[in-house]
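Residue 1 is where the sequence shown starts when you use UniProt numbering, and the numbers rise one by one after that.
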Amino acid sequence: AAVCVAKLYDINAQLVEDQGFLDQLKDLLSDSNPMVVANAVAALSEMNEASVSGSPLIEMNAQTINKLLTALNECTEWGQVFILDSLANYSPKDEREAQSICERITPRLAHANAAVVLSAVKVLMKFMEMLPADSDFVSTLTKKLAPPLVTLLSSEP
């Protein structure tokens, strides 16, 4: 159903907003089923790209981020890509939050799907900018980034 709202938005964005489908889609971000959450993120991301308003459709806050990170552990690999890509658009409020998110995303570096790994790298690189460059955490994270990137570079397309 979430994907249908995105398709309808392409056809008639005003209808989606008038009928309350956009709010219902945002409510799906809190669903207990991780696939529903992933599909809602995918739909909202697609709609956000097509939106002319300029304001983001997904309101990223600590509560939403926590829900997305929880769903990340249980959804399919393509759901993980959509969630990670939406996390890349978030700006953590402080170093501690950025480090916490990085810690929860780091296991994705060992994923078999290259898209998941690259999406995780994108988030980690963005959030590492918020952390002190001379910290032990950044040093450790940098060392963890190298092997998956080398593997991706050396594997066949």
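Ideal Cβ placement from N, Cα and C applies to all residues, glycine included.
Predicted model, so just to flag it, every value in this text is computed and none were measured.
Secondary structure at residue i, three-state DSSP: helix, strand or coil?
i    : result
K93  : coil
Q19  : coil
L44  : helix
M35  : helix
S30  : helix
C4   : helix
S51  : coil
K112 : According to the sequence shown, residue 112 is Ala rather than Lys. A112: coil per DSSP, three-state reduction.
P157 : coil
Tell me the residue span of the alpha helix (DSSP H) that contains residue i.
i    : result
M130 : Taken as a continuous stretch (DSSP letters only), M130 belongs to no alpha helix (DSSP H), as it is neither H nor E.
N139 : Here residue 139 is Ser; the residue named in the question, Asn, does not match the sequence. Per DSSP, S139 belongs to the alpha helix (DSSP H) from D136 to S154.
N66  : A62 to L72
E59  : No alpha helix (DSSP H) holds E59; DSSP gives it neither H nor E.
L84  : E77 to L87
Could you check how far apart the C-beta atoms of residue i and residue j are, in whole angstroms? I think they sit under 8 angstroms.
i    : j    : result
V3   : F21  : In fact, because the Cβ distance is near 12 angstroms, the residues do not count as touching under 8 angstroms.
M130 : A88  : Rounded, the Cβ-Cβ distance is 13 angstroms, inconsistent with contact.
V81  : A115 : 5 angstroms
V138 : M128 : 6 angstroms
P148 : A112 : Not confirmed; about 11 angstroms, so no contact.
L152 : V117 : 6 angstroms
S91  : K67  : The Cβ separation is near 17 angstroms, so there is no contact.
A43  : L25  : 6 angstroms
For a cutoff of 9 angstroms on Cβ pairs, would you count residue i as touching chain D?
i   : result
P56 : The structure shown has no chain D; it contains just one protein chain.
(message) Below 8 angstroms, how does it come out for the stretch 15 to 22 and the stretch 49 to 56: are there three or more Cβ pairs, yes or no?
(response) no
(message) Does the contact criterion of 3 or more C-beta pairs under 8 angstroms hold for the stretch 54 to 63 versus the stretch 104 to 113?
(response) no
(message) Taking contact to mean 3 or more Cβ pairs, one atom from each stretch, closer than 8 angstroms, check whether the stretch 68 to 87 and the stretch 28 to 47 are in contact.
(response) yes
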